[in-house]
Amino acid sequence: MTTTCNCRDAQIVEGIFGEIYPGSFQSASGDAEYGSISKDVGSLAPVKIKSYTLTNNNRMQVVLITWGATIVSLTCPDKFGSSADVVMGFDDLDSYMDPNLNLFFGSVLGRCANRIKDGMFSIKDRDFQLSKNDNNVHHLHGGLNGFGRQVWDGHIDGCTVVMTYLSKDGEEGYPGDVLATVRFKLTPDNRLEISMRAITSKSTIVNMSHGSYFNLAGHAAGVKELNKHRISLNCDRWTFADYTDPVPTGAIRGVGGTVMDLRIPQILGDCLSKVPPGDGYDHNFCVLRSWQPGALFVARALHPPSGRILEVYSDQPGVQFYTGGRLPPQTPSDIQLSYDICPQKQQLEDCYDEIIGEGDEDGDEETFKDYESQPPPILEFIPGKKHAEYRKHGAFCIQPQNYPNAINHKHFPCSILRPGQVYYHDLIYKFGVQLGNYM
């Protein structure tokens, strides 16, 4: 199916990315296996995962799928006229469904993006316990089966792709049915506009964002090219977090005179090792507000060799800046502590099984004992699309959102959505090129 926008500056093509058989994606906790979809399911009809390819007249192209409302690829030209895909992702649906591989690449983050301390919050004196998928301590990005790990309904509406998902009462521990809608629009001037809306049947918390991993040199360019990026954030404060715990303490500190000061463009390669404890950025910054309503300037990234520029605009009070410090190489023990790779004990044991072999029943204990006496092997990379190898600090994320753990700090912006209210977040990724050697 092909749809041409009325303005004749954009085209949308609908296709099929893959199929999921019922029961193959019910849980990331071991109830079903994401990476190996069995077709031996009798007469049950598969669920089709749609794809949408948006193209404008400036040679920019965006591919979306209805699994997680995910951006699969985003291709744009550089100052020499050469086009490259600048977001991490996969070629196949199995990889997107595998929580050991997919670190929320390009997906919608929700119901609540970022972390909630201990997975607990209260509304109207009622306590709620959410799933803990961050080091088995905190709740992150909506949990084990958040918005980014669900099948969305998709359709074309004029110049936009619309995706909807109904999150049922009690999903991941959240109260209320929440109907979420995301609209994607590619404009003639190379803006990707993402409009997120949600309504609820009960008071709950909603904080939606989008999780694309960018490298403006190309998705497979790695840390060498990421280090050449110049980054600036329109933020004069940040929500302080202890270096042993990524959840903000509630304190808000100025960025002046610290490595957190990105108001003037900084070269990433000069900064990453200086951010305690040395793994780069994974911090929430407070966006400077103005009297103007709507989406405001949040951040700018430039890759000087290619000339590609990304500007981010949003109407949210905060932005999470992340530089891929939890990407491999990591040991299996590191993986257990990382929400990105292996959130559940059973999945960790599956990783061990693949490395050392399952053995027989009588030899299991001895096999694990032998394994524990040896240094665990290193997981070198995540296999990405087009045979790419994704490694630590190979990409960055700029995720506008509310402050992390806002529900548990009264002086943070309110994250509660009540019946009759509409949650909204307008996010814009604007792409361009710079021909000169200046910012």
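Our numbering puts the first residue of the sequence shown at 194, with every later residue one more than the last. Quick reminder that beta carbons are idealized off the backbone N, C-alpha and C, glycines included.
*Output the boundary residues of the beta strand (DSSP E) element that contains Val255.*
Working through the sequence shown from its first residue, we reach residue 255 at position 62. 254-258 is the span of the beta strand (DSSP E), which, as asked, contains Val255.
*asked:* For Gln614, count the other beta carbons within 10 Å of its own beta carbon; 16 or more makes it buried, fewer makes it exposed. Which is it?
replied: The residue given as residue 614 occupies position 421 in the sequence shown. The residue in question, Gln614, is exposed, as its Cβ has fewer than 16 Cβ neighbours within 10 Å.
_If the criterion is Cβ atoms closer than 9 Å, does the pair Val459 and Gly511 meet it?_
On the sequence shown, residue 459 is found 266 positions in, with the first residue counted as 1. On the sequence shown, residue 511 is found 318 positions in, with the first residue counted as 1. A small correction: the amino acid at residue 459 is Gln; Val does not occupy that position in the sequence shown. No, these two residues do not count as a Cβ contact at 9 Å.
*According to DSSP, which residues form a beta bridge with Gly211?*
Your numbering for residue 211 matches position 18 in the sequence shown. DSSP lists Ile242 as partners of Gly211.
_I need the DSSP call for Asp382, collapsed to helix, strand or coil._
Numbered from 1 along the sequence shown, position 189 holds the residue referred to as residue 382. Three-state result, Asp382: coil.
*asked:* Give me the DSSP bridge partner(s) of Glu504.
replied: By one-based count along the sequence shown, residue 504 stands at place 311. Arg493, Lys623, per the DSSP bridge assignment.
*Would DSSP call Met194 helix, strand or coil?*
To locate residue 194, count along the sequence shown from 1; it is residue 1. Met194 falls in the coil class under three-state DSSP.
*Could you pull out every residue in the same chain whose Cβ sits closer than 6 Å to the Cβ of Gly625, ignoring the five residues on either side in sequence?*
If you number the sequence shown from 1, residue 625 lands on position 432. Here the set comprises Ile502.
_contact_flag[the region 202-212, the region 243-260] where n(CB pairs < 8 Å) is 3 or more_ = yes
*Figure out for me which residue from Tyr596, Thr432, Asn408, Pro368 has the closest Cα to the Cα of Gly282.*
For the purposes of this step, residue 282 is taken as the residue at position 89 of the sequence shown. Nearest C-alpha to Gly282: Asn408.
*Sequence-distant residues of its chain with Cβ nearer than 6 Å to Cys428 (five each side left out)*: Mapped onto the sequence shown, residue 428 falls at position 235. Correct list, in chain order: Phe478, Cys479, Val480.
*State the DSSP-derived secondary structure class of Gln219, mapped to helix, strand or coil.*
The sequence position of residue 219 within the sequence shown is 26, counting from 1. At Gln219 the pLDDT is 46, less than 50, meaning the model places this residue with poor confidence; the figure from the coordinates comes in the next sentence. In the structure shown, Gln219 sits in coil (DSSP, three-state: anything other than H, G, I, E or B).
*Based on the DSSP output, what are the partners of Tyr617 in its beta bridges?*
Counting from 1 along the sequence shown, the entry for residue 617 is found at position 424. According to DSSP, which records beta bridges pairwise, Tyr617 is partnered with Arg390.
*Segment contact, 8 Å Cβ cut-off, at least three pairs: the region 397-405 with the region 305-314*: yes
_C-beta contact flag for Tyr506 and Ala494 at 9 Å_ = Taking the first residue of the sequence shown as position 1, residue 506 is located at position 313. Taking the first residue of the sequence shown as position 1, residue 494 is located at position 301. No, these two residues do not count as a Cβ contact at 9 Å.
_Taking a contact to mean a Cβ-Cβ separation below 9 Å, would you say Leu385 touches Tyr617 in this structure?_
Here the question's residue 385 lines up with position 192 in the sequence shown. Here the question's residue 617 lines up with position 424 in the sequence shown. In this structure, Tyr617 does not lie closer than 9 Å to Leu385 by Cβ.
*asked:* If you measure between the beta carbons of Gly517 and Tyr406, is that distance less than 9 Å?
replied: Translated into positions along the sequence shown, residue 517 becomes position 324. Translated into positions along the sequence shown, residue 406 becomes position 213. Contact flag set, yes.
*Can the beta-carbon of Gly639 be found closer than 9 Å to that of His586?*
With the chain covering only 194 through 632, there is no way to say anything about residue 639.
_I want to know whether the region 407-425 touches the region 596-614 - three or more CB-CB distances under 8 Å._
no
*asked:* Applying the 10 Å Cβ sphere with the 16-neighbour rule, what's the burial state of His332?
replied: For this step, residue 332 is matched to residue 139 along the sequence shown. Label assigned to His332: buried.
*Look at the alpha carbon of Asp382 and the alpha carbon of Tyr596, and state the distance between them as a whole number of angstroms.*
Stepping through the sequence shown from its first residue, residue 382 is reached at position 189. Stepping through the sequence shown from its first residue, residue 596 is reached at position 403. So the alpha carbons of these two residues sit roughly 30 Å apart.
*asked:* Buried or exposed for Lys467, going by 16 or more other Cβ atoms inside 10 Å?
replied: Translated into positions along the sequence shown, residue 467 becomes position 274. So Lys467 counts as exposed.
_Residues in the same chain with beta-carbon distance under 6 Å from Leu372, minus the five sequence neighbours each way, listed in chain order, please._
Here residue 372 corresponds to residue number 179 of the sequence shown, with the count starting at 1. Around Leu372: Leu359, Ile392.
*To which residues of the same chain is Phe297 closer than 7 Å at the C-beta, ignoring the five residues directly before and after it?*
Counting from 1 along the sequence shown, the entry for residue 297 is found at position 104. Contacts found: His334, Gly341, Gly404.
*asked:* Check for me: the alpha helix (DSSP H) holding Val355 runs from which residue to which?
replied: By one-based count along the sequence shown, residue 355 stands at place 162. Counting along the chain, Val355 falls outside any alpha helix (DSSP H), though it belongs to the beta strand (DSSP E) covering 353-360.
*For Thr451, is the classification buried or exposed, using 16 other Cβ atoms within 10 angstroms of its Cβ as the cut-off for buried?*
Locating residue 451 in the sequence shown gives position 258, counting from the first residue. So Thr451 counts as exposed.
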